[in-house]
Amino acid sequence: MQMVKRIVGGFFLTLILLWLFAPKVELYYLLEKSLKEKNIIISNETVTDTWIGLKIENADIYVAGAKVANTAKLNFNFLFFYNTLKINQINMDKSLSKMAPKVINNLNASYSILNPLKVKLTGDGSFGVLDGEVRLMEKKVEILFPVAKELKTIKKFLKKDKEKGWLYETNY
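For the sequence shown, my numbering gives the first residue as 128, with consecutive numbering after it.
Structure (structure tokens):
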């Protein structure tokens with residue numbers, strides 16, 4: 128029994144150490160390379176490796192060569208059973224001011240192995256509050272704006288739900 132405990136404990140200790148010392152920055156650059164193939168470029172960022180994830184600061188986001196947004200801070204936290212992406216202070220480019228909200232203060236995406244087919248989204252910004260989910264199997268995105276402030280720039284993409292508020296739905 129003692130031998131089994133040592134083997135199992137050693138296995139989990141090895142997993143934890145591999146995770147803590149994994150080359151997370153290199154994985155980020157691999158992600159950046161795959162985004163570049165889709166014409167999405169992240170530049171001018173500062174990437175810092177943390178114990179459980181990555182911290183990216185001052186990133187400019189370009190799509191098809193046009194600057195779309197600037198973010199102050201992104202935090203990726205990779206845990207075995209629960210992963211999160213927290214983005215603070217997304218400032219949209221002025222050229223998109225008629226099509227997108229000007230500022231997104233916080234945007235959080237979380238993925239749990241307990242519900243592996245959904246990614247939960249929450250956030251707030253100049254538009255109010257958002258709450259949504261990405262359904263991975265259905266390839267569907269639903270975002271609900273229960274407390275709407277300034278939606279005139281994106282109102283043409285939304286549907287009015289009598290009980291919940293404004294709803295954005297799309298497939299990818």
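Using N, Cα and C, we set each Cβ at its ideal position, and we do this for glycine too. Being a predicted model, the structure only gives us computed values, none of them experimental.
Cβ neighbours of Ile217 in the same chain (closer than 6 Å, five flanking residues each side left out): Hits under 6 Å: Ala196, Thr198 and Ile231.
Residue span of the alpha helix (DSSP H) that contains Met130, given as start and end: Annotation: the continuous alpha helix (DSSP H) that includes Met130 extends over Gln129 to Leu147.
Proximity of Glu269 and Glu260 at Cβ, strictly below 8 Å: Taking C-beta atoms as the reference points, Glu269 and Glu260 count as a pair closer than 8 Å.
Beta strand (DSSP E) segment containing Glu184, residue limits: Where Glu184 is concerned, the enclosing beta strand (DSSP E) stretches over Gly180 to Val190.
Residue burial classification, Ala186 (beta-carbon count within 10 angstroms, cutoff 16): Answer is buried; the Cβ neighbour count reaches 16.
Residue nearest to Phe272 in terms of C-alpha spacing, selected from Gly255, Leu212, Ser239 and Thr297: The candidate whose alpha carbon is nearest that of Phe272 is Gly255.
Whole-angstrom C-beta distance between Tyr155 and Val174, which should lie under 8 Å: Rounded, the Cβ-Cβ distance is 6 Å, consistent with contact.
DSSP beta-bridge partners of Ser170: Ser170 is bridged by DSSP to Asp187.
Burial state of Lys238, where buried means 16 or more other Cβ atoms lie within 10 Å: Rather than Lys, the amino acid found at residue 238 in this sequence is Tyr. Counting Cβ neighbours within 10 Å, Tyr238 comes out buried, since at least 16 surround it.
Alpha-carbon to alpha-carbon, Thr280 and Lys291: Taking the straight line from one Cα to the other gives about 20 Å.
Residue of Ala236, Lys229 and Pro228 minimising C-alpha distance to Leu201: Of the candidates Ala236, Lys229 and Pro228, the one whose C-alpha sits nearest the C-alpha of Leu201 is Ala236.
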